[in-house]
Amino acid sequence: MTSNLIAATPAATGEGPQEMRSRSELTAKEVLREVGSVLRMSEKDAAELTSSPVENDEEQTMIINMGPQHPSTHGVLRLMLELQGEKVLRCKPIIGYLHTGMEKQGEELTYMQGGTNVTRMDYASPLNNELVFSLAVEKLLGIDGDIPERATWMRMLLSELNRMSSHLLFMATNGMDMGAVSMMIYGWREREEVLRFFQKVTGLRMNHNFIRPGGLAADLPAGWRDDVLTILEGLPSRLAEYDVLMTNQPIWRERLQGVGVITAEEAVALGASGPILRSAGIAWDLRRDLPYLKYDEVEFDVIVGSFGDAFDRYAIRLNEIRESMKIVYQILDKMPSGDYRIQDKKVTPPPRARIDESMEALIHHFKIFTEGFKVPEGEVYVGIESPRGEIGCYIVSDGSPKPYRLHMRAPSFVNIQALPHMMRGGLIADAVAVISSVDPVLGEVDR
Amino acid sequence: MSEAVVDTSVPAEQLYDCEVTYSRGEKVIHASRENYIATLKKAIDDSFTMCTDLTAVDFLTYASANRQLPSSVVGERFEIVLNLISLERRERLRLRVQIAEGEASLPTAFDLYPGTEAMEREVFDMFGIHFEGHPDPSRILMPEDWEGHPLRKDFSVGRIPVQFKGAPS
Chain A
1 MTSNLIAATP AATGEGPQEM RSRSELTAKE VLREVGSVLR MSEKDAAELT SSPVENDEEQ
61 TMIINMGPQH PSTHGVLRLM LELQGEKVLR CKPIIGYLHT GMEKQGEELT YMQGGTNVTR
121 MDYASPLNNE LVFSLAVEKL LGIDGDIPER ATWMRMLLSE LNRMSSHLLF MATNGMDMGA
181 VSMMIYGWRE REEVLRFFQK VTGLRMNHNF IRPGGLAADL PAGWRDDVLT ILEGLPSRLA
241 EYDVLMTNQP IWRERLQGVG VITAEEAVAL GASGPILRSA GIAWDLRRDL PYLKYDEVEF
301 DVIVGSFGDA FDRYAIRLNE IRESMKIVYQ ILDKMPSGDY RIQDKKVTPP PRARIDESME
361 ALIHHFKIFT EGFKVPEGEV YVGIESPRGE IGCYIVSDGS PKPYRLHMRA PSFVNIQALP
421 HMMRGGLIAD AVAVISSVDP VLGEVDR
Chain P
448 MSEAVVDTSV PAEQLYDCEV TYSRGEKVIH ASRENYIATL KKAIDDSFTM CTDLTAVDFL
508 TYASANRQLP SSVVGERFEI VLNLISLERR ERLRLRVQIA EGEASLPTAF DLYPGTEAME
568 REVFDMFGIH FEGHPDPSRI LMPEDWEGHP LRKDFSVGRI PVQFKGAPS
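So the protein sequences, as listed, match chains A and P. The first sequence begins at 1 in the working numbering and counts up by one. The second sequence begins at 448 in the working numbering and counts up by one.
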């Protein structure tokens, strides 16, 4: 490899190559990065791991690339694997192939426009991205206590339906990765029903920009309740089919159980969140533990695994669909009437009818869409539970209509760090199961 | 989980020996560059065992008088921001560290929070802040031979020739 060359002639601002080094260049520090510090391993023990399990190792092992184009890497995730036969000795994820500078772009867009930017990050759960961005902006504006009840419950409805659609997508891709190809069609079919509802409500299947600072873009359309009930009533029999096809099926269990195990201690140390953290036995769900919106007023269970393996993560997501359905039923009961956005002239554009009759309303409308609204100085971090874990939004405002700094804490970006750890010592076929069980969305990893 | 019972009645100023402010109701502690690691160790003892987020802000074009820092903290160009979570107490804690432009480096938090590995790489990639002792300080999102650090405020958007490895220039 070229590490010596690069050390001699470093690029102007680089710090060396991103690729995995060959075993002859492997240092104890590198092994420590993969396993050591998570396990609190000493450098001496890690050094022993650098020595190859076989004699004449350079000929016995090889480094191959999995991805960036590979059907089971869910996008453009590239993994460098060191293999000995079919065994994975080391793994290094290499990301950045989908980096489009969205955080930099976020500094150029006003708070009004910001939703269109963040919604494209985690494209499998766009409404959660918009929600966390809107909550952060509202907190900066100091209007987080004044959001109308109906807006809050509508946000919860959309957020939970989005969790269901995202987990159904996971069911589809996970099934496909494991060879249950018909599952892909089933998962997609159910997800499409949820997306059809989103299309009716927001106008778009994905990337809605529907949840905005101050409330939502529009009220729920007529007949929304029946549409939601149709989804909710159709799903249980489908989920029962999943149990027959996958959960109770010996081949499926053999394929997933004991694969990609992570312990509670490791998951916390690696900052993993969402189903990965819960699969390791830690009951941590921001909806319950640090409640936002009105999650403290609904009843639901936090699904927790006990083995930390790929099967647990599958089962957690399957049951979270059921819990989300439970929440949506309660939302249907509790949905209040009222306004769907805050009537604060500062952040809310005037109603369409007013523009025809009032010059002030026209000016106001024009100003708010061209200049945006000013947000008081300060910094704020808001974290919510997205289907993949904690999605966070950190905004620094300098008092102008654009964020001075917009940072999204992407759950997939952090969860991917657990991959080398979960793959170590496993088979290459299990690597596919491990990637799938982490359920990364590369749009969010690279931003 | 640590079994030591932490006395929460000790005020955070005393516990961390740092300035403590509240931003929109969120607790923020301002550690200096020198006692950054020591402060993190105290945070772990105070049950903040999980680091959810590590990022940076470039305050190049921000009027420093408006930065709402406590009087004893001097605002520098860069700021590292960590968000910690206590799973036991269900609390969040934010840590802000000022870093001057001339000495844009900080000891790595990797030994205490291994989950910051990718985040520190991202901060290096985007802001050019070095983390001393980081096991793999290469770029993470940009190509490894990219020049400049995109999220710095003096890195302008647009009209930059796209750089590809090996492409004829």
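Beta carbons: idealized from backbone N, C-alpha and C, even for Gly.
Contact between the segment 435-446 of chain A and the segment 118-128 of chain A is present: three or more C-beta pairs spanning the two stretches fall below 8 Å.
Boundaries for P:E473: no alpha helix (DSSP H) harbours it, while the beta strand (DSSP E) harbouring it runs 473-478, taken from the DSSP string.
Within chain A, no residue has its CB atom less than 8 Å from the CB of P:Q545, the nearest being about 14 Å off.
Rounded to the nearest angstrom, the Cβ distance from A:F210 to A:L127 is 7 Å, consistent with a contact under 8 Å. Against chain A, a Cβ distance below 8 Å from P:T499 picks out G271, S273, G383, E390, G392, R409, V414. Of all residues in the segment 98-120 of chain A, only H99, G101, E103, K104, E108 come within less than 7 Å of chain P when Cβ atoms are compared, listed by chain position.
The contact set of A:R405 on chain P, defined by CB atoms closer than 7 Å, consists of V504 in chain order. Contact annotation, A:V382 with A:G392: C-beta distance approximately 7 Å; criterion of less than 8 Å satisfied.
Boundaries of the beta strand (DSSP E) harbouring A:M80: 78-84, taken from the DSSP string. Against chain P, a Cβ distance below 8 Å from A:V268 picks out T496, M497, L534. Taking C-alpha positions only, A:G378 is separated from A:I94 by approximately 35 Å. Burial state of A:R189 is exposed, judged by a 10 Å Cβ sphere holding fewer than 16 other Cβ atoms. Against chain A, the beta carbon of P:G562 has neighbours under 8 Å at A269, L270, G271, A272, V414, Q417, listed in chain order. With a threshold of 9 Å between beta carbons, A:P17 makes contact with chain P. Under the DSSP definition of a beta bridge, P:F578 partners with P:L553. Secondary structure note for A:R238: its alpha helix (DSSP H) is the uninterrupted segment 224-242. For A:R155, there is no enclosing beta strand (DSSP E); the enclosing alpha helix (DSSP H) covers residues 149-178. Per DSSP, A:S324 is one residue of the alpha helix (DSSP H) stretching across 310-334. If you look at A:I251, you'll find it in the alpha helix (DSSP H) that goes 250-256. P:N530 has a beta carbon lying within less than 9 Å of a beta carbon in chain A.
Non-local beta-carbon contacts of A:F311 in its own chain, meaning distances under 7 Å to residues more than five positions away in sequence, involve R253, L256, Q257 in chain order. Residue pairing from DSSP places P:A503 in a beta bridge opposite P:I527. Of all residues in the segment 461-493 of chain P, those with a C-beta nearer than 9 Å to a C-beta of chain A are S470, R471, G472, E473, V475, reading in chain order.
Boundaries of the alpha helix (DSSP H) harbouring A:R288: 286-289, taken from the DSSP string. Contact annotation: P:T508 and A:V268 have beta-carbon atoms that are not nearer than 9 Å. One Cα belongs to A:E320, the other to A:D146, and the distance between them is close to 30 Å. The secondary-structure analysis by DSSP pairs A:L195 with nothing; it has no beta-bridge partner.
A:T202 has its alpha-carbon roughly 31 Å from the corresponding atom of P:D500. Here A:N209 carries a coil assignment [DSSP, helix/strand/coil]. Of all residues in the segment 579-609 of chain P, the ones placed with a Cβ closer than 7 Å to any Cβ belonging to chain A are P582, D583, P584, S585, R586, I587, L588, M589, E591, D592, E594, G595, H596, P597, L598, V604, in chain order. Boundaries of the beta strand (DSSP E) harbouring A:G378: 378-386, taken from the DSSP string. Here A:P403 is bridged, per DSSP, to A:S397.
Contact check between the segment 168-182 of chain A and the segment 414-424 of chain A: fewer than three CB pairs, one atom from each, fall below 8 Å, which does not count as touching.
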